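In the numbering used here, the protein residues as written are 4 to 881.
Structure first, then comments.
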C-alpha cells in the first residue's frame, strides 16, 4: 500500500531490508509524506488518465506537494482502496488512518445503521467531508443513541460513497475552519472522484467470517466515456451483507425453554446488521474554450438494513443474578413479564374522580402472548436514501485569474419500520408492524471561489484566494402511522378487584421498542448562512513558506463568527523541514440539534405512572424555564507543529504534534423532573401541554475538552530484483480530556470518563505491498491500544463499574495474480489470526457467561468482534 509515494530506491533492497530501514528511521504515526509527482502518477494510472493534479486540500496554491505542505495530509490512491477487505469506506479509512475510528453500536437504534466515525478523538460532526472539494451533506440521523463521544452529533454518512468511484482521497489532519467553514475542527476528508474517460472495470468479491456467518457479496464497476472533448465517468456498486452474530444465550432463556417456550438461541442477535444496498456515482466535465469547463457530479444510493431489539418474555421468571465482583454478594434476579396484562372490561358506571373508566380485574384480559406465545424480538428496519448533485463552471480568465462558480445540493432520508411487535396500550386492536416515520436532511450550497497570483517581490508569487458562499440547511421529521405513537385506551388503568380494592395498571405506549414520530416530534426547520473568506499564501524566500487565512460566517439562527489561521514551513535543508499552524475554528449547531423536539410517554426510574418526557428546543418557553439558552457554535483553538524528513533513498518521515481545545461542546442534558408547581407556572406562560409534562431535556453547550497527540509516519519505496516494495508505518497517540463541565446536567461523570477512556490512545498500522510481474501481495498489521469503560456515576473511583480492556492486534493479507494484464484474481483475509476483543467482565451471568441481554463484547472495542474474515476477489479491465 502506498500512502505518499517517495522517489524509488534503485538499489537491490529486499523486503527485510526495507522494514529494517523503516525501523531505524524512527517509525511512529499516521500519514506518510512523499513526492507528489509520483503520487499523481499513481492516481493517474489508477484512473487510466494523465491527471497531474497535486494536493488541493488545506491549500489553494496550485504547486504544493504533500511533502511541501505546511500541515499534515494523507493521500491515498485508488490502488490503496482496491486491496481493502471491507466494502465500507469508513472501514477502509480506519485501516488507512490510525487516528480514524468507528464503533459498532450494534443495539443503538439508528446508530447501528449510520455508524459515527471519529478523527483524532473528536466526533463525526467535527470532521468536514468534501467531494471533489465541495461540501458533502450530513446524514439525517442525529446520533442521540450513539457512543459517549458521538452522542448528539450529526455528521455525513461516508458509507454512501463507494470506494470504486474514488481515484484519490486526501485526509487533512489539521483544523481548517478558517479555510472551509463549519465542522473542520478535527480535519478534512476530501474524496476525489475518478476522471478516466475510457475503459471499463468490473469487480466481484465474496467473503464470510470464519464462523460461517456475515456472508458478504460485493459487485461494483466503473466505466469512462468521452463526452466531446470532456469525460463522463460512472461508478456503481451493489452490496449484500449478511448478519454476523456474537451474542450468547440469555439467563432467562433456559428457564423459559424448560417451561415449553420456544426461545431462539440466542434470542437477540448482536453484530453486523443485515444490509442490502446499491449506489451510483457520476463525475463529468466538458471543456468550454481552451481554459474553461463545465462540470457535474453527483450520487444516488439506497440501503435497507435491519437489527434485532431485545427479546420480550411472555411471562416472568427468576434466575441467579450476575457474577459479583469481589466484595459484592450474590443474589437472585427477577425477570418480569415484558409486557404487562391489559384489562379489557370496564365496569358499567364506575369512574375515577378524573372521569376515566374503572376496569374489572375478573373480566377479559389481553396478553402480548396472545400475539406471540413464545415471546418476541422486535425487528428495527431502516431504508436510507441519499442523493446529491453539483454543477459548476470553472477555468482561467485572460488575465490569469482562476474561478470556480458552483451550485450543489444533497438530501439524506431515513425511514424507519418496526416489525414483529405491538403497541400494548392499544390492546388486541394493535397492529404488529408499524411505519415509524422518517428523518430528512436537505442542503443547498452556492459558491464562488477565485485565486490570483501576483508578483510582490517574494520568491514565489503571492497567491490570493477569496470566495463567498450561501448555504441553506433543512431538517425534517415526518410522522409515523398513528398506532406507532398512539397513547391507547389501556395506557393507564384503574382496576377493581372483587373485594372492592383498586390498583393502578400501566401498559407501554407506542410501537414497543421504538415509538413512532408523533405530531409533537414532527418538524420542518431551515436556516441560512452566508460566508466569505480570504486566503494568502507565498514563499517569502525559497526555503520559507507562509500562509494566512480569515473567514467570516453569518448564520440566521445564532449570528456571526470570525476565524483565522496561520501556517508556515521552513526547509532547513532539502532533506529537513519544519512546519506548523495555529488556527481558531467553529462548528455550527445543526438544524437537527437546534430543532429536535419530541414528546414520548415513558416510565422512568421504575415509575408505574406514565410520564411525558419532552425533548424541547433550546429557544422554547419550556426550555428557557429550565435554564436553556440558544445554541451557539462550538469554538476551537488548534496548534500543530512538526518535521518532515526526505533523506532520499526512497524514504519519507513526518512527525507532527497537535493540540485542540474545543469549548461549548453540544450535549443533551439529563432529564429535569417537572413538579406540579412548575406545571402551573408553565401553563401561566402559555405552554399548552404544561400539565402533561413529567420530564424535560434539551440540547445545550455543556462542556469543554482538550485533545492532544502525535502523528508519526514513515514510508519507503524500493524497486529491487525481487519486485517493487512499498512500506509504510503510521502511529498515532491521542489523548482527550474533559477539562470543564460547564453544565453538569448536560454531561455526567460517567460520560466524561468514557469520552476520555473509550478511544484508544495508541493506534498503529504497518503495511507492506509487493508486486513482481503478474504477482502481488498486500499485508497489514493493525495495533489497537487499550481502552477503559466506565459503567456508572462513581466510575472515577475504584468501582466494579470500571473495566480496562487490553491492547490488541489484527493482521490482514491479500495475494493476487494478474493474467493478460486485464484479469486479476485474489484471495485475502481480514484479521486472519481470528483475534477477538477482551470480553466484558461486568454483570455476567454464570449460566450463560454473558450479560442479561446476551452481549459479551463492548461496542467501543476498536478491534471488531467479527473475528476472522476470508474473501475471494476477481476483477477485469477492458
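The beta-carbon is built from N, C-alpha and C at its ideal position, and this holds for glycine as well.
If you're wondering where the values come from, they're calculated on a predicted model, not measured in any experiment.
Residue j beta carbon less than 8 Å from that of residue i
| i | j | result |
| --- | --- | --- |
| residue 154 | residue 146 | yes |
| residue 454 | residue 468 | yes |
| residue 447 | residue 475 | yes |
| residue 862 | residue 109 | yes |
| residue 210 | residue 219 | yes |
| residue 361 | residue 497 | yes |
| residue 117 | residue 83 | no |
| residue 190 | residue 96 | no |
| residue 284 | residue 238 | yes |
| residue 187 | residue 571 | no |
| residue 598 | residue 526 | yes |
| residue 646 | residue 544 | no |
| residue 758 | residue 151 | yes |
| residue 531 | residue 391 | no |
Contact set for residue i: own chain, Cβ-Cβ below 6 Å, skip 5 residues either direction
| i | result |
| --- | --- |
| residue 833 | 88, 815 and 872 |
| residue 876 | 208 and 829 |
| residue 91 | 162 |
| residue 601 | 524 and 618 |
| residue 483 | 438, 439, 440, 519 and 520 |
| residue 307 | 279 and 386 |
| residue 389 | 163, 304 and 415 |
| residue 86 | 781 and 817 |
| residue 881 | 203 |
| residue 853 | 251 and 859 |
| residue 192 | 132 and 174 |
| residue 14 | Model confidence at residue 14 stands at a pLDDT of 39, short of 50, so the residue's coordinates are unreliable; what they give is reported in the following sentence. Correct list: empty, nothing qualifies. |
| residue 574 | 546 and 580 |
Residues bridged to residue i (per DSSP)
| i | result |
| --- | --- |
| residue 671 | 702 |
| residue 451 | 408 and 471 |
| residue 306 | 280 and 387 |
Buried/exposed call for residue i, threshold 16 Cβ in 10 Å
| i | result |
| --- | --- |
| residue 557 | exposed |
| residue 47 | Residue placement at residue 47 is poorly supported in this model, since its pLDDT is 38, which falls under 50; the coordinates still yield a value, given next. By the neighbour-count rule (16 or more Cβ atoms within 10 Å), residue 47 is buried. |
| residue 579 | exposed |
| residue 71 | buried |
| residue 730 | buried |
| residue 286 | buried |
| residue 777 | exposed |
| residue 402 | exposed |
| residue 261 | exposed |
| residue 635 | buried |
For residue j and residue i, the rounded distance between their alpha carbons
| i | j | result |
| --- | --- | --- |
| residue 179 | residue 760 | 26 Å |
| residue 887 | residue 590 | Limits of the chain in this structure are 4 at one end and 881 at the other, which puts residue 887 out of reach. |
| residue 672 | residue 700 | 6 Å |
| residue 521 | residue 781 | 51 Å |
| residue 481 | residue 692 | 21 Å |
| residue 874 | residue 524 | 44 Å |
| residue 565 | residue 666 | 15 Å |
| residue 539 | residue 466 | 6 Å |
| residue 866 | residue 317 | 36 Å |
| residue 750 | residue 743 | 10 Å |
| residue 633 | residue 627 | 9 Å |
| residue 680 | residue 507 | 24 Å |
| residue 878 | residue 824 | 11 Å |
| residue 352 | residue 505 | 15 Å |
| residue 763 | residue 707 | 20 Å |
| residue 347 | residue 259 | 27 Å |
| residue 228 | residue 654 | 38 Å |
| residue 851 | residue 857 | 8 Å |
| residue 372 | residue 412 | 49 Å |
| residue 177 | residue 548 | 17 Å |
| residue 503 | residue 356 | 16 Å |
Same chain, Cβ closer than 7 Å to residue i, neighbours up to 5 away in sequence not counted
| i | result |
| --- | --- |
| residue 345 | 368, 369, 427, 430, 493 and 510 |
| residue 272 | 246, 248, 250 and 311 |
| residue 516 | 312, 381, 383, 421 and 424 |
| residue 726 | 773, 774 and 775 |
| residue 127 | 119, 120, 121, 153, 156 and 158 |
Same chain, Cβ closer than 8 Å to residue i, five either side skipped, listed in chain order
| i | result |
| --- | --- |
| residue 265 | 377 |
| residue 404 | 453, 454 and 455 |
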